[in-house]
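Protein chains: 2
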Amino acid sequence: MDEVASAIADPVRRDILLMLRGTTLTAGEIAHRFTISRPAISRHLRVLRECGLVRDELAGRRRMYRLDAAALTELAEWIALIRAPADWDHRLDALETEVRRTRRERSTRRTAPHGERTEETA
Amino acid sequence: MDEVASAIADPVRRDILLMLRGTTLTAGEIAHRFTISRPAISRHLRVLRECGLVRDELAGRRRMYRLDAAALTELAEWIALIRAPADWDHRLDALETEVRRTRRERSTRRTAPHGERTEETA
DNA sequence: AAAATCCGTAACCTATGGGTTACGCTTCCA
DNA sequence: TGGAAGCGTAACCCATAGGTTACGGATTTT
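Those sequence lines, one after another, are chains H and R. Each residue of the first sequence is one higher than the one before, starting from 75 at the first, in my numbering. Each residue of the second sequence is one higher than the one before, starting from 75 at the first, in my numbering.
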């Protein structure tokens with residue numbers, strides 16, 4: 075967990091992770107979006123690799139990178155543990171509201187996966 | 075956000091935050107639970123103070139420390155953003171179930187669920 | 001086959017982090 | 001009122017992080 079936390083403590087690495095959401099990019103494509111040197115990016119990528127936040131795959135002379143968000147789970151759970159005691163009830167209310175709103179929004183934008191359950195009362 | 079992330083990247087500081095859940099402790103009480111020197115703990119506490127994860131208050135010749143979990147919000151939201159795309163619908167289902175279950179459990183265990191429901195921004 | 005491309009590694013420098021011991025300032029107490 | 005208690009700070013040491021330039025090893029292209 076130490077490694078993951080210190081990995082995302084760097085703004086460059088956070089930006090890399092953000093730009094990998096949904097896509098896969100080559101090392102060169104990533105490096106090209108920063109002003110710092112390419113070797114610096116290469117080492118950032120190594121840090122992300124070694125803590126599991128990123129997976130790489132050789133494709134010819136290029137190397138494709140993709141996000142692996144599962145590496146964040148442990149840290150997310152620790153943060154949840156710390157945040158839990160504070161203002162529990164209020165946050166649960168807000169959370170349920172948000173969950174309902176987000177799912178409703180998604181099921182109208184896409185095709186509804188399973189039955190409609192938007193009218194249940196708590 | 076950099077500061078918060080790098081603060082919780084250290085296991086000693088994570089332990090300090092954990093032991094501050096729910097209580098307030100003096101610097102001495104905290105230091106006494108570790109094997110490393112007291113000045114080292116003092117500096118860890120300073121790091122936590124300066125990034126807002128901890129609040130301190132002088133009480134005579136002692137200094138009381140308490141957790142301030144709000145400092146984790148920004149980082150938690152960033153992590154949520156990264157984790158969001160994966161398995162979105164399924165997690166929303168599970169989340170709503172858990173929210174409902176947890177709140178029901180809490181309102182039966184305690185006296186009343188907040189007689190007044192204040193304005194919800196949703 | 002030779003050259004260009006893609007990308008990691010090595011060597012180097014400086015800044016920062018975390019530990020230690022020594023010290024100093026308040027505050028309590030006998 | 002003098003000494004002990006509680007804590008932060010300073011000075012110091014060593015390891016690590018992050019940047020740079022120079023280099024090397026595959027793969028593609030011409």
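C-beta: ideal position from N, C-alpha, C; glycine also.
### Message
Tell me which residue opens and which closes the beta strand (DSSP E) that R140/H is part of.
### Response
As a first step, residue 140/H is located in the first sequence; it is residue number 66 there, counting from the start. Here the beta strand (DSSP E) through R140/H covers 136 to 141.
#### Entry: Where the beta strand (DSSP E) through R129/H begins and ends
Here residue 129/H is taken as the residue at index 55 of the first sequence, counted from 1. Run containing R129/H: 128 to 133, per the beta strand (DSSP E) assignment.
### Query
So the beta strand (DSSP E) T100/H belongs to, where does it begin and stop?
Within the first sequence, the letter at position 26 stands for residue 100/H. T100/H -> beta strand (DSSP E) spans 98 to 100.
### Task
Could you tell me the distance, in whole angstroms, from the CA atom of E123/H to the CA atom of D130/H?
For the purposes of this step, residue 123/H is taken as residue 49 along the first sequence, with counting starting at 1. For the purposes of this step, residue 130/H is taken as residue 56 along the first sequence, with counting starting at 1. In the sequence under discussion, the amino acid at residue 123/H is Arg, which differs from the Glu named in the question. Each residue's Cα considered, the two are about 7 Å apart.
### Query
Any beta-carbon of chain H closer than 8 Å to the one on A186/R?
By 1-based counting over the second sequence, the position of residue 186/R is 112. Residue placement at A186/R is poorly supported in this model, since its pLDDT is 39, which falls under 50; the coordinates still yield a value, given next. No, A186/R lies away from the interface with chain H (no Cβ there is under 8 Å from its Cβ).
### Query
Can you name the residues of chain H whose CB is closer than 9 Å to the CB of S116/R?
Numbered from 1 along the second sequence, position 42 holds the residue referred to as residue 116/R. None at all; the shortest Cβ gap to chain H is about 21 Å.
### Query
Roughly how many whole angstroms lie between the Cα atoms of A144/H and A158/R?
Residue mapping note: residue 144/H aligns to position 70 of the first sequence, counting from 1. Residue mapping note: residue 158/R aligns to position 84 of the second sequence, counting from 1. Each residue's alpha carbon lies about 11 Å from the other.
### Task
Please confirm if I153/R has its CB atom under 8 Å from at least one CB of chain H.
Residue 153/R sits at position 79 when you count from the first residue of the second sequence. Yes, contact with chain H.
### Query
Since R117/R is in the alpha helix (DSSP H), which residue starts that stretch and which ends it?
Your numbering for residue 117/R matches position 43 in the second sequence. Looking at the DSSP string, the run of the alpha helix (DSSP H) that includes R117/R is 112 to 124.
#### Entry: Residue-chain proximity (V86/R, chain H), Cβ-Cβ < 8 Å
In the second sequence, the residue the question calls residue 86/R occupies position 12. Chain H contact via Cβ: absent.
### Task
Would you mind reading off the limits of the alpha helix (DSSP H) that contains A79/H?
The residue you call residue 79/H lines up with position 5 of the first sequence. Counting along the chain, the alpha helix (DSSP H) containing A79/H begins and ends at 76 to 81.
### Task
Would you mind sorting A133/H into buried or exposed? The rule is 16 or more other CB atoms within 10 Å of its CB.
The residue you call residue 133/H lines up with position 59 of the first sequence. The residue is exposed, with fewer than 16 neighbouring Cβ atoms inside 10 Å.
### Message
Once the 5 residues before and after G102/R are set aside, which same chain residues still bring their CB inside 8 Å of it?
### Response
Here residue 102/R refers to the residue found at position 28 of the second sequence. Taken in chain order, the residues that qualify are R112, R136.
### Message
Distance cutoff 8 Å, beta carbons only. Does A83/R sit that close to anything in chain H?
### Response
The sequence position of residue 83/R within the second sequence is 9, counting from 1. Judged by the 8 Å Cβ criterion, A83/R is in contact with chain H.
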